[in-house]
Every structure is written in structure tokens, then in C-alpha cells.
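Structure first, commentary second.
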Amino acid sequence: MKVLNCHSHSAEATRRLAENFAAMLKPGDCVALQGDLGAGKTTFAKGVVSRLTAIAPEEIGSPTFTLIEEYRAGATPIYHVDLYRMTSPAEAENLPWDEVFAPEAISLIEWAERLPRLLPYCRYHLIFIEAETEDHRIIQITDTKDPGAPPQGQIPEALEKTKPNANTPRGNS
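Laid out in C-alpha cells, this is it:
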């Protein structure tokens with residue numbers, strides 16, 4: 101397993117990180133997004149969807165009330181799932197999990213910790229942590245793929261460049 105801690109000081113920085121992250125996603129990848137309310141999970145998901153589909157981030161909705169939104173990147177379905185409003189695992193039984201975890205799909209699951217049995221199926225686990233200040237987030241990215249497997253999808257060095265520096269914009273994430 102490889103773990104990388106990235107820092108964000110604004111929603112824009114979180115979106116840029118998401119766009120860089122999206123460039124390495126392949127069909128079959130699932131991303132579990134975990135963290136407190138307002139931590140940046142939806143901003144990150146919108147950045148990924150925007151990069152993969154060329155839809156402007158402000159035109160991408162949050163599936164908080166619909167539970168799931170589907171987008172297309174060519175032939176690749178992109179699923180954005182939000183389990184925030186789910187009060188029991190039984191509520192998730194009717195979701196199209198066979199499509200969400202299809203080998204040709206890329207999936208982003210917010211609040212994945214609400215359905216723990218999903219976590220082993222998610223290649224990437226992202227945990228959003230509020231750090232020293234309210235506008236500083238640490239986004240811990242874990243690639244759970246077996247380290248002996250081919251390097252496809254390994255956390256790229258480009259993400260290393262998102263660590264904080266004097267040029268990182270400050271604001272809410």
C-alpha cells in the first residue's frame with residue numbers, strides 16, 4: 101500500500117488535486133471518499149468528474165438526495181455515489197452496485213464508511229482531515245492495490261507536487 105498526504109488550503113486547490121488524481125484513474129477503479137461534513141469530498145468528486153467528462157465543475161450536481169449520479173467519459177461510465185443521507189445499510193440494497201463496480205466503470209463513493217462492506221472493493225481510500233486551521237485540509241490518499249501488482253494506477257509523482265508551498269492559495273476547501 102502506498103499512502104500520500106496532500107495539503108489543500110482552498111476549494112480551488114482541492115479541485116486541482118482532484119483533476120490530477122483523475123488523470124490516473126482507469127476503468128474498474130473505485131474511490132472511497134471519507135471525512136467530516138464540509139471537508140471537501142464533493143469538491144474533490146466534482147473535480148474528478150469534470151476532468152474525466154469535460155463538464156464544468158459548477159454544472160456537476162451532488163447526489164446527496166438522489167444517492168447516485170451517472171456521467172460518461174466516452175464509453176466509460178462514471179458513478180458518483182453519496183451515502184450521507186443513508187440511515188441504514190438496507191437503504192443501499194437497491195442501488196445498482198453491479199454497475200457501480202463494473203470493470204468498465206469508474207466510481208466515487210462519498211461517505212463510504214457508512215457502508216463498510218464496500219471499502220474492500222475500493223482501490224483508493226481518500227480521507228479528508230481538517231488540519232491546523234479551518235481552511236487547511238490534509239487529504240490522505242491510500243492506494244490499496246497489492247504492491248506486487250503492475251504499477252498501473254499507482255499514486256503518481258505529480259500528486260507529490262500538491263504539498264503546501266508559498267504559492268498555495270488560501271481559502272475554504
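Following the working numbering, the numbering of the sequence shown begins with 101 at its first residue and continues without gaps. For each residue, glycine too, the CB sits at the ideal point set by N, CA and C. Computed from a predicted model, the values in this text were never measured in an experiment.
Assuming residue i is part of the beta strand (DSSP E), what are its boundary residues?
i      : result
Thr164 : Where Thr164 is concerned, there is no enclosing beta strand (DSSP E), given that its DSSP letter is neither H nor E.
Thr242 : 237-243
Leu183 : Segment: none, Leu183 is in no beta strand (DSSP E) and carries neither H nor E.
Is residue i helix, strand or coil when you go by DSSP?
i      : result
Arg223 : coil
Pro250 : With a pLDDT of only 37 at Pro250, under 50, the local geometry of the prediction cannot be trusted, and the value read off the model is given with reservation. Looking at Pro250 - three-state DSSP - the assignment turns out to be coil, as it is neither helix nor strand.
Asn194 : coil
Thr153 : helix
Arg172 : strand
Please report the distance separating the alpha-carbon of residue i from that of residue j.
i      : j      : result
Ser108 : Pro127 : 27 Å
Ile238 : Glu199 : 31 Å
Ile235 : Glu213 : The amino acid occupying residue 235 in the given sequence is Asp; Ile does not appear at that position. So the alpha carbons of these two residues sit roughly 23 Å apart.
Tyr224 : Glu210 : 12 Å
Ala173 : Gly140 : 23 Å
Thr176 : Cys130 : 13 Å
Asn194 : Leu117 : 32 Å
Pro220 : Phe201 : 12 Å
Residue j and residue i - do their beta-carbons sit closer together than 9 Å?
i      : j      : result
Thr244 : Ile227 : no
Met186 : Leu208 : no
Ala145 : Leu133 : yes
Ala111 : Leu152 : no
Once the 5 residues before and after residue i are set aside, which same chain residues still bring their CB inside 7 Å of it?
i      : result
Gly149 : Correcting the residue type first, residue 149 is Val in the shown sequence and not Gly. For Val149, where only same-chain residues beyond five positions count, the Cβ hits under 7 Å are Ile155, Ile160, Tyr171, Ile178, His180.
Pro203 : Pro127, Gly128
Pro256 : With a pLDDT of only 39 at Pro256, under 50, the local geometry of the prediction cannot be trusted, and the value read off the model is given with reservation. Excluding positions up to five away in sequence, the list reads Met124.
Asn105 : Ile238, Gln240
Thr164 : Asp182, Tyr184, Arg185
What residues in its chain sit with their C-beta under 8 Å from that of residue i, if we drop five residues either side in the sequence?
i      : result
Arg115 : Thr143, Phe144, Lys146, Gly147, Ser150, Pro157
Leu183 : Leu167, Ala192, Ile209, Glu210, Trp211, Ala212, Arg214, Leu215
Under a CB-based cut-off of 9 Å, is residue i close to chain B?
i      : result
Ile229 : This model lacks chain B altogether; it includes just one protein chain.
Which same chain residues, not among the five before or five after residue i, have their C-beta less than 6 Å away from its C-beta?
i      : result
Val103 : Thr242
Which stretch, first to last residue, makes up the alpha helix (DSSP H) that contains residue i?
i      : result
Val114 : According to the sequence provided, residue 114 is Thr. The question's Val does not apply to it. Counting along the chain, the alpha helix (DSSP H) containing Thr114 begins and ends at 111-122.
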